[in-house]
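Count the sequence shown with this note's numbering and you get residues 4 to 70, in order.
Backbone N, C-alpha and C define an ideal beta-carbon position, used for all residues, glycine too.
Quick caveat, the model's predicted, so the values are computed rather than measured.
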Amino acid sequence: MFKGILVEWTLVKKRKEKPISAIVMCMKVECTTCHKVTWKGCGMHIDAALIGVKEEDRCLNWKTGKH
Numbered sequence: 004m005f006k007g008i009l010v011e012w013t014l015v016k017k018r019k020e021k022p023i024s025a026i027v028m029c030m031k032v033e034c035t036t037c038h039k040v041t042w043k044g045c046g047m048h049i050d051a052a053l054i055g056v057k058e059e060d061r062c063l064n065w066k067t068g069k070h
């Protein structure tokens, strides 16, 4: 589960650069337009981010990530 984070941190550390974004995995957020639940992140963990949120409670654009 944390393998991607460790790999990314190791690469950043070796290059001595700061990460571009602190978001590595998807997380649940509120849509700024409709104020329903949606996600932000890499797009590979959407199901985990929205677990327990009924489809009718999600932003209409949650599948596209454009909110």
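Rounded separation between residue i and residue j - CA only
i: Leu63; j: His48; result: 18 angstroms
i: Met30; j: Cys45; result: 9 angstroms
i: Ala51; j: Arg61; result: 14 angstroms
i: Glu33; j: Lys39; result: 6 angstroms
Burial state of residue i (16 or more Cβ within 10 Å)
i: Thr35; result: exposed
i: Thr41; result: buried
Residue i versus the options, residue with shortest Cα-Cα distance
i: Thr3; options: Asp60, Lys43, Glu59, Ile54; result: Within the shown structure, residues of the chain are numbered from 4 to 70, placing residue 3 beyond reach of any answer.
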